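Here is the structure we will look at.
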Amino acid sequence: MTSRPSSDVRGLLSPNARRVTAAIAVLALLPYAVLKVMWLAGSRIGMVPGAGPSHMHDARMEIGNVVTLVLAAIGVVVVLALSQRWGLRTPWWVIVLPAAVATGALAPIALGLPIGVVLQAAIAGDVSSGGEGDLLPAVFAVVYGGFALYGIALAALFADYAHRRWGALLSAPPRALRPPAARVAAVAALGAFAAAAVFWALAPSGAGLAGWESLAQRTVLVVVALLTLLGGAALATASPARPRTRWALGWIGCSTAAVQGPTLLLLANDATIDPLLLAVTILATPAAAWLGLSALRRGAAHR
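First residue of the sequence shown? That's 14 in my numbering, and the numbers climb one at a time after it.
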């Protein structure tokens, strides 16, 4: 992929809209980052009053808090790169790789969580995730609400950035990937991951993915499955229609399939690995990465 911006540098957003969207993205991450810093400092903010010793301060969680705090900082840098002119001169992989990770982690939350929360509030009468442990339900709402807002703002910024930098590439549809057998195998791997996500979403209590018991969380799993299937179909089929829509679906779907498995493994409830999750992650993550990167490489080669 070329690192030079396309001739159309006006983008989808005006300069003012780009700055406002970037500010919204950074502010959306702020509550999450503040909570992490305070927990690392020993604070019990957001925890149930009177709760016993919390696992929040054991070694595993403290390491996790440091790692996720660093990831939040990287998320801010990505926002700046997408919204500033210097970002157009940055090597493509410096932008694409962290943006893909952020997209895959946050797109299902941004699209599925609002629907899931409304359904859960209407059916169950609460918005608790059911897996907060010693944390107050409000923490779940604040953190994941911020993630959803950040994901929406990031999507707008990345679409604008891609239009300015790779407008010519995105104006042509994704090309059929070779060899066909590898394409079929990749789509089958994504299909297996989507089927597992649907199973976890519909499984009886105790039979699904541990820690993902609430209706809001299960709705997110359904969205994971839908995005995975749409992404695979967008890049694996040949059609000249709506090239930018196909690129967008391919980007979101492949990012979701590549990132959700490793994310769920890292955040496994009580550090217990689900064998089905491990199996479909081993299949889907490399398949989604190959499908997405191969489509970009073939598209760039035929410009």
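For glycine and all other residues, C-beta sits at the position ideal for the given N, C-alpha and C.
All values reported here derive from a predicted model rather than from experimental measurement.
Within the continuous alpha helix (DSSP H) that includes residue i, where are the two ends?
{"i": "L170", "result": "P150 to L183"}
{"i": "S268", "result": "P256 to L279"}
{"i": "N29", "result": "P28 to L53"}
{"i": "V211", "result": "P193 to L215"}
{"i": "V114", "result": "W105 to I136"}
{"i": "Q230", "result": "L228 to A249"}
Going by DSSP, name the residue or residues bridged to residue i.
{"i": "M74", "result": "Paired residues: none, contrary to the question."}
My understanding is that residue i touches residue j, with C-beta atoms under 8 Å, so please give their C-beta distance in whole angstroms.
{"i": "G59", "j": "V152", "result": "4 Å"}
{"i": "A120", "j": "L277", "result": "Going by Cβ atoms, the distance from A120 to L277 rounds to 14 Å, so no, they are not a contact pair."}
{"i": "A301", "j": "A271", "result": "4 Å"}
{"i": "V91", "j": "A115", "result": "6 Å"}
{"i": "D161", "j": "I128", "result": "Residue identity check: residue 161 is Ala in the sequence provided, not Asp. With a Cβ gap of about 11 Å, A161 and I128 do not count as contacting."}
{"i": "A38", "j": "A118", "result": "That pair is no contact at about 14 Å."}
{"i": "G318", "j": "L42", "result": "It is not possible to answer for residue 318, since the shown part of the chain is limited to 14 through 316."}
{"i": "L126", "j": "V233", "result": "6 Å"}
{"i": "L262", "j": "G244", "result": "6 Å"}
* Are the region 283–300 and the region 201–214 touching by the rule of at least three beta carbon pairs closer than 8 Å? -> A contact between stretches requires three or more CB pairs, one per stretch, nearer than 8 Å, and the region 283–300 meets this requirement with the region 201–214.
* Check whether the region 168–176 touches the region 92–108, counting contact only when three or more Cβ pairs, one atom from each stretch, lie closer than 8 Å. => Yes: the two stretches touch, three or more of their Cβ pairs being nearer than 8 Å.
* Asked: Can you find at least 3 beta carbon pairs, one from the region 212–231 and one from the region 258–272, that sit closer than 8 Å?
  -> Contact fails: fewer than three Cβ-Cβ distances are below 8 Å.
* Counting pairs of Cβ atoms below 8 Å between the region 171–185 and the region 50–57, do you hit three or more? -> In the pairwise beta carbon analysis, the region 171–185 is classified as not touching the region 50–57: fewer than three pairs are separated by under 8 Å.
* Between the region 238–254 and the region 183–201, do three or more beta carbon pairs fall short of 8 Å? -> Enough Cβ pairs lie closer than 8 Å, so yes.
* On the three-pair Cβ rule with 8 Å, is the region 99–118 touching the region 197–206? -> The region 99–118 is not in contact with the region 197–206.
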